[in-house]
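Novice:
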Amino acid sequence: MSNVSYHISNLLEKMTSTDKDFRFMATNDLMLELQKDSIKLDEDSERKVVDMLLRLLEDKNGEVQNLAVKCLAPLVGKVKEPQVEAMVDILCANMTSDKEQLRDISSMGLKAVIAELPLSSSGLGLTVGVCRRITSQLIGALSKQEDASVQLEALDILSDMLGRLSGALVSFHGSLLSSLLPQLTSSRMAVRKRSILALGHLVPCCSPALFSQLTEHLVSELAKNPQTSMTRTYIQCLATVSRQGGHRVGEHLERLTPLVVKFTGVEDDELREYCFQALEAFIRRCPKEMSPHVATVTQLCLKFMTFDPNYNDDDSEEDEEDSMDVEDGLDEESDDEYSDDDDMSWKVRRSAVKCLEALIAMRRDLLLSFYSSVCPALLARFKEREENVRADVFAAFSTLLRQTRVDLSHHGLVTAASDPSRREEEPAVAQLKKQVPVIVKALHRLLKEKSFKSRQGCFCLLTELAHTVPGSLEEHIPALIPGIIFSLTDKFTSSTMRIDALSFLNVLLLSLPPQAFQTHVQVLLPVVLSCVEDTFYKITSEALLVTQQLIKVMRPQGQTDTSGGFDPKPFVKEVFSVTMKRLKAADIDQEVKERAISCMGHMVCHLGDHLGAELHGVLTIFLERLKNEITRLTAVRTITLISASPLKIDLSPILPEALSVLGSFLRKNQRALKLGTLACLTALVIHHAARIKPAALEPVLNEIPPLVDESDMHVSQVSITLLTVMAKAFSSSLAKISSSVLPGVFRLIHSPLLQGGALGAILDFLQALVLSKATNLGYSQLLKSLMEPFQSVKSSADSSVLHRQSYHSVARCVAALSSASPRDTPSTVSALIQQIKNPGSPESARVLALLCLGEVGRSGSLGGSKEVQGVILEAFSSTSEEIKTAASCALGGVAVGSLNEYLPFVLKEVLAQPRRQYLLLHSLKDVISSSPASSLSPLVESIWALLVQLCECSEEGTRNLVAECLGKLTLVTPAQLLPRLRQQLKSGSPLARSTVVTAIKFTIVDHPAPIDSLLKDCIGDFLKTLHDGDINVRRVALVMFNSAAHNKPSLIRGLLGTVLPHLYKETRIRKDLIREVEMGPFKHSVDDGLDVRKAAFECMYTLLDSCLEGLDVLQFLDHVEEGLKDHYDIRMLTFLMLARLVSLSPAAVLQRLDRLVEPLKATCTTKVKAGSVKQEFEKQEELRRSAMRAVAALLAVPEVERSPSMAEFANQIRSNADMASIFQSVQGGDGGGLGPTESMDMS
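Heads up: the sequence shown begins at 176 in the numbering used here, then just goes up one per residue.
1) Cutting at 8 angstroms between CB atoms, please list the residues of its own chain near G1072, excluding the five before and the five after it.
2) Return helix, strand or coil for M499, following the three-state DSSP convention.
3) Would the beta-carbon of L872 fall within 9 angstroms of that of M901?
4) According to DSSP, is E1425 helix, strand or coil?
5) Taking the alpha carbon of Q358 as the point to measure from, which residue in S1361, T408 and T390 has its own alpha carbon closest?
6) Alpha carbons only, please: which of V1081, P1089 and A1024 is nearest the one belonging to I1058?
7) Mind pulling the alpha helix (DSSP H) runs of 4 or more residues that sit fully within the segment 330-415?
8) Do you know how far the Cα of L1189 is from the Cα of V989?
9) Report the start-end ranges of each alpha helix (DSSP H) in the segment 1344-1413 that is 4 residues or longer and not cut off at the edges.
10) What's the call for S184, buried or exposed, on a 16-neighbour Cβ count within 10 Å?
11) Could you have a look at D1263 and say whether DSSP puts it in helix, strand or coil?
12) Say whether chain B places a C-beta atom closer than 9 angstroms to the C-beta of A771.
13) Where does K1258 sit, in a helix, a strand or coil, going by DSSP?
14) Identify which residue in S1055, C855 and K1176 has its Cα closest to the Cα of F1216.
15) Answer with buried or exposed for M1420, where buried requires no fewer than 16 other C-beta atoms within 10 angstroms of its C-beta.
16) Give every residue of the same chain whose Cβ lies closer than 6 angstroms to the Cβ of P731, excluding the five residues on either side of it in the sequence, and list them in chain order.
17) If I'm right that S981 touches P927 with Cβ under 8 angstroms, what's the distance once you round it to whole angstroms?
18) Cutting at 8 angstroms between CB atoms, please list the residues of its own chain near T643, excluding the five before and the five after it.
19) Label L946 either buried or exposed according to how many other C-beta atoms from any shown protein chain fall within 10 Å of its C-beta, with 16 as the threshold for buried.
20) For T809 versus S773, is the C-beta distance shorter than 9 angstroms?
21) Relative to the alpha-carbon of Q402, which residue among G425, R430 and S362 has its alpha-carbon at the smallest distance?
22) Under DSSP, the alpha helix (DSSP H) around Q610 begins and ends at which residues?
23) Suppose contacts are defined by Cβ-Cβ distances below 9 angstroms. Is A641 in contact with F679 by that definition?
24) Checking 9 angstroms against the spacing of the C-beta atoms, do C380 and A1322 come in under that value?
25) Could you tell me if V1211 is buried or exposed, where buried requires 16 or more neighbouring beta carbons within 10 angstroms of its beta carbon?
26) Any idea if M1254 is buried or exposed, counting beta-carbon neighbours within 10 angstroms, 16 or more meaning buried?
27) Between E1374, L553 and A933, which has its C-alpha nearest F569's C-alpha?
28) Quick one: what does DSSP say S486 is sitting in, helix, strand or coil?
29) Go through its chain and collect everything with a Cβ distance to G420's Cβ below 7 angstroms, but skip five positions before and after it.
30) Using 8 angstroms as the Cβ pair cut-off and three pairs as the minimum, do the segment 393-402 and the segment 1385-1405 touch?
31) Is the separation between the beta-carbon of I1008 and that of V985 shorter than 9 angstroms?
32) Ignoring anything shorter than 4 residues, give me the alpha helix (DSSP H) runs that lie fully in the segment 1267-1349, in order along the chain.
33) Along the chain, which unbroken stretches of the alpha helix (DSSP H) at least 4 residues long are found entirely within the segment 1158-1233?
34) For my contact list, A1426 and F711 are in at a C-beta cut-off of 8 angstroms; report their separation, rounded to the angstrom.
35) Relative to the C-alpha of A870, which candidate in L882, A854, S886 and L830 has its C-alpha closest?
36) Rounded to whole angstroms, what's the CA-CA distance from A268 to L477? Just pull it up for me.
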């Protein structure tokens, strides 16, 4: 300590030297000392350092002054509060000094100090104290000072402080407002502008009363019709307040909007610009409250978008078209003639266009009307003469296209991929399609302009158009290509422009059929190839991508030279030599290397027969690239592509070496490389088996066993597919690996994780093994290995070894084996029957045997065997639940295989055996789900009759099964059965109604189905059960609605208006459904409405993801707010909803923030009573964590901590160790080991 003090006092002494260099060096050394974390100063040293630095601020040498200011910031954290306050007092006093240099330097000092004030709870006292001192002195300086430069500095510092520490100044907000408002009338423009900035920082965290006071002041001043310069200031202030205050402006808009609209009529361009900026801020911050004014604002924007009083534009478009070349020359002169420096009208046009863009972005619900009103007007403005305005016109039109695209993804029963014809029906797209010729006509002229900005805008807009309506540009290619070529060849074009043109050309080539471009290859190719040879790597890289697409155009896959009427031969040599040059180069950018490999790969794949002797050299380079760590993944993918080429390219020169390199890749710990290599090997074995020697596959086969493992199912699946292909091509080589690969495959079969694609791959593999006739991999050995683990009697402690899923997997495998070897099937079936009949065999073996019978029977290979039927029925009487369930599955499987023998029997048994009804219905469900519609159709009537009889069954489990059967049956003949279900609604009891509604849930599947259009027409009738008198019917209706919202949102989107009120009604707690039950000496309340409320909140959560645009988020939040105080399960759901809403609609959440904080705070601070059981503690802990996740999501929004109540809660979390640790943990520990303060500071 004394050592530091001695060193510091030494420096201080030098600072008083008369030599400015001494003073400079000493101050510099002090600054370096202060920047060390380890430095500790005693009180005396602190005072001396502060005094000296403040004295140096008045030093005669400017450099010394600047260093002294730089020392102030690190000093803030090193000295105690009184010293910081003394420092601030002197700096503030200097602000009012007569010396300009001292004022400037003190102002810099104050800003540095403010930037360093701590925000953490420990340093909050200091921050508040210092801020108060600064504020009170600056407010004084503002009111007393005549000198505008002092006012400007003071306003600047206040803005800084309010921006960073507004929460610490709450007590000063009132006096700040009253001292800032008079500054709006200052004669100096700069003072007015800085006052507006300071007010903007004050707005987010001031109280509602102050906010109203500010708005009232602005409204009353504007109502007085002040002079234009003042009006400008007030309107500008309104725009800033609206941008910063967000939703709070909403309640004042009724009065503000007409005022602003009125002032657009004043003949003053700057004022009009500010008016549109204010309207844009209103629309972006309060879209809902602006609804009544949308029409007025749209009309205003359309009017002023064309406002150009100094420019006469009477030429009709046709004239422009005809005299295009002449016009280009005239344009420049005419522009010069009118580009008067005083002409500000372009700013009005630009702000009107930006305001329109805000409308399009915020009101997607008005999309259709925008297409009729706004779209033609924007298109007409493509000819705007001012470049900046034109860029904004393009941006607005692009927003319109993006909104159409978002609309497309939300609407439509299906995605474009599954049924492109559905997209045509979207009215917005239909409107847009009509406009495509007009868009292209307007843009193709602009593509030849000298202005880069315009051309870039054109390319961006055309790219959006190609994404929004794929294929729409096909007939306009001839009009667009000259523009693209111009941008690629013009010697003045910048590299960014070239890249944009190439990337648009790439989008065009990807979105249109290759034949559309064949006539243009001759002009496009030379230009693109010259770009490939460009010196800038980004242009080369983009050009290689385009060349790759052009190669596909020259000869699309599967087309011979003559069939397409286009001969690629003349172009091959040129493309090859340019690409080859890039492929050989070693010293180029990695992206270019990869794209050159890929481009040459496509060349070989599509045009390999034209390369002749060159081919060998190319393949050799590919082999080299395969051995290079940086390019190996691209090389693997390229070899995969070439090996599958229909041209049957001869790979024999590189095959042996390539196989051993590929084998070594399977050892690498890089998943993408493993998967790519497996795909490559599979393609090679399928297409080039004749050229591969079995010995060459040895290194590959040795690497496969470790890959077959449940830790990565996808890699396992691809590995087994490769083994299957090998088994078919080289059966002999598999004999060697049975000992190493098969144990892994069987482990996988017995794994609980096996399903889907991986199981399918294993079934193919087993069949290939049986068909390969390898001696040690025969049918019987495989069957034995599959069933062995089930044969031993397991103790109950050991029962975890075999998971239920593995029984089903093994059954599928046994069925696959028997279908591959039909002659062994009868003996297998009789062995299975013996196994089931044998009372001595363990339960696991009998369950498996039943399941195997079902799976073997599914293929119809059992016929109507009476013995099988008898065995299965006998199993229904077993005492073991497992065996009964397996028998039900077996009966279902066998019935699928021979419907006519078994189905009538199953239907008869369902009615005859009420005790076995549940199991038999399971079998029936299996039959309906798995049988093809054609074979089920004749039996539909008898199944329907049976199910309708069981609709009112008192047992809920059975009723649900009946509903599932009804739903799946309706999918077989929807046109016939859906109206019957609808009829059923009217006739039945509450139980029957609930069964019918649940049945509808099972008709809504997550992929396109024929029933969709029929369902869309009648789902409204089924949703009417949401206001059924019976609470259970309402609950299942909500579950059905949730399923529709999740799987097929388009079904219910149009009905939200009628459904939502009923949905929201179900979220309320109903006292009449809460009853008290006496349990011994205790009374316990039971809430019968809880399940319905839970179902309603689950629907709300689903709607957030699928139908957000159909919701009024503020109304939605009212119900979320109620849910935050409800039962445990519902609170958990609403916390999730709140976190989701913060990311989807932050503006609405901010509007309700003060009401949402209280329930969150209540949950986070509640303690469980001391004597409670362990579950209570766990529940409360989970609730607190869930609430804290919502709080963390809220605090991630920058404006949130400006709310006083939220700022206070955030401080409470920081200062409470228990809450701070929960906060840390829910953030996933991403504080990076920082304390709670650092990771929470969101300011």
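Here a beta-carbon is modelled for each residue, glycine too, at the ideal position from N, C-alpha and C.
Specialist: Working from what's here:
1) For the purposes of this step, residue 1072 is taken as residue 897 along the sequence shown, with counting starting at 1. Counting only Cβ-Cβ distances below 8 angstroms, and skipping sequence neighbours, we find G1032, R1033, S1034, G1035, S1036 and L1037.
2) Along the sequence shown, read from residue 1 onward, the residue named residue 499 stands at position 324. Because the pLDDT of M499 is 39, which lies under 50, any placement of that residue in the model is unreliable, and the question is left without a value.
3) Within the sequence shown, residue 872 is the residue found at index 697, counting from 1. Within the sequence shown, residue 901 is the residue found at index 726, counting from 1. Yes, Cβ-Cβ distance for L872 and M901 is below 9 angstroms.
4) No information on residue 1425 is available, as it lies outside the stretch 176 to 1418 that the chain covers here.
5) One-based indexing of the sequence shown puts residue 358 at position 183. Closest in C-alpha terms to Q358, from the list S1361, T408 and T390, comes T408.
6) Your numbering for residue 1058 matches position 883 in the sequence shown. Looking at the Cα atoms, A1024 is the closest of the given residues.
7) List check, alpha helix (DSSP H) in window: 348-355, 364-377 and 383-398.
8) Numbered from its first residue, the sequence shown carries residue 989 at position 814. Numbered from its first residue, the sequence shown carries residue 1189 at position 1014. If you take the alpha carbons of V989 and L1189, they lie about 41 angstroms apart.
9) Segments of the alpha helix (DSSP H) lying fully in the segment 1344-1413: 1349-1370, 1379-1390 and 1392-1401.
10) Start at 1 with the first residue of the sequence shown, and residue 184 comes out as number 9. Taking all protein chains shown into account, S184 has fewer than 16 neighbouring C-beta atoms within 10 Å of its C-beta and is therefore exposed.
11) By 1-based counting over the sequence shown, the position of residue 1263 is 1088. Three-state DSSP puts D1263 in coil, outside helix and strand.
12) Going by chain labels, chain B is absent from the structure shown, which holds only one protein chain.
13) Translated into positions along the sequence shown, residue 1258 becomes position 1083. If DSSP states are grouped into helix, strand and coil, K1258 belongs with the strands.
14) Translated into positions along the sequence shown, residue 1216 becomes position 1041. Relative to F1216, the option among S1055, C855 and K1176 whose CA is nearest is K1176.
15) This structure cannot settle anything about residue 1420, because the visible part of the chain is limited to 176 through 1418.
16) Along the sequence shown, one-based indexing puts residue 731 at 556. Apart from sequence neighbours up to five positions away, the residues of its chain that approach P731 with a beta-carbon distance below 6 angstroms are P689, ordered along the chain.
17) Start at 1 with the first residue of the sequence shown, and residue 981 comes out as number 806. Start at 1 with the first residue of the sequence shown, and residue 927 comes out as number 752. Right, their Cβ atoms sit about 6 angstroms apart.
18) In the sequence shown, counting from the first residue as 1, residue 643 sits at position 468. Cβ contact annotation for T643 (same chain, cutoff 8 angstroms, sequence separation greater than five): L576, R577, T579, R580, L583, V604 and L607, in chain order.
19) The residue given as residue 946 occupies position 771 in the sequence shown. With fewer than 16 Cβ atoms within 10 Å of its Cβ, L946 is classed as exposed.
20) Along the sequence shown, one-based indexing puts residue 809 at 634. Along the sequence shown, one-based indexing puts residue 773 at 598. In this structure, T809 places its C-beta atom within 9 angstroms of the C-beta atom of S773.
21) Mapped onto the sequence shown, residue 402 falls at position 227. Between Q402 and the set G425, R430 and S362, the nearest pair of CA atoms involves S362.
22) In the sequence shown, counting from the first residue as 1, residue 610 sits at position 435. Going by DSSP, Q610 is part of the alpha helix (DSSP H) stretching over P602 to L621.
23) Numbered from its first residue, the sequence shown carries residue 641 at position 466. Numbered from its first residue, the sequence shown carries residue 679 at position 504. Going by C-beta atoms, A641 is nearer than 9 angstroms to F679.
24) Within the sequence shown, numbered from 1, the residue matching residue 380 stands at position 205. Within the sequence shown, numbered from 1, the residue matching residue 1322 stands at position 1147. Pairing C380 with A1322 gives a Cβ-Cβ distance that is not under 9 angstroms.
25) Here residue 1211 refers to the residue found at position 1036 when the sequence shown is read from its first residue. Buried, by the Cβ-count rule.
26) Numbered from 1 along the sequence shown, position 1079 holds the residue referred to as residue 1254. Within 10 angstroms of the beta-carbon of M1254 lie fewer than 16 other beta-carbons, which makes it exposed.
27) Translated into the one-based positions of the sequence shown, residue 569 becomes position 394. Nearest of E1374, L553 and A933 to F569, Cα basis: L553.
28) The sequence position of residue 486 within the sequence shown is 311, counting from 1. Residue identity check: residue 486 is Tyr in the sequence provided, not Ser. Y486 falls in the coil class under three-state DSSP.
29) Here residue 420 refers to the residue found at position 245 when the sequence shown is read from its first residue. Once the five neighbours on either side are set aside, the close Cβ partners of G420 are V378, P379 and F386.
30) In short, these stretches do not touch, since the Cβ pair count stays below three.
31) Within the sequence shown, numbered from 1, the residue matching residue 1008 stands at position 833. Within the sequence shown, numbered from 1, the residue matching residue 985 stands at position 810. Judged by their CB atoms, I1008 and V985 are not nearer to each other than the 9 angstroms cut-off.
32) Uninterrupted alpha helix (DSSP H) stretches at least 4 residues long and entirely within the segment 1267-1349 occur at 1288-1298, 1303-1319, 1321-1326 and 1328-1340, given in chain order.
33) Taken in chain order, the complete alpha helix (DSSP H) segments of 4 or more residues contained in the segment 1158-1233 are 1165-1178, 1186-1198, 1206-1222 and 1224-1227.
34) Any answer about residue 1426 is impossible in this case: the structure gives the chain only from 176 up to 1418.
35) Taking the first residue of the sequence shown as 1, we reach residue 870 at position 695. Measuring from the Cα of A870, the nearest candidate turns out to be L830.
36) Start at 1 with the first residue of the sequence shown, and residue 268 comes out as number 93. Start at 1 with the first residue of the sequence shown, and residue 477 comes out as number 302. Approximately 53 angstroms, taken between the alpha carbons.
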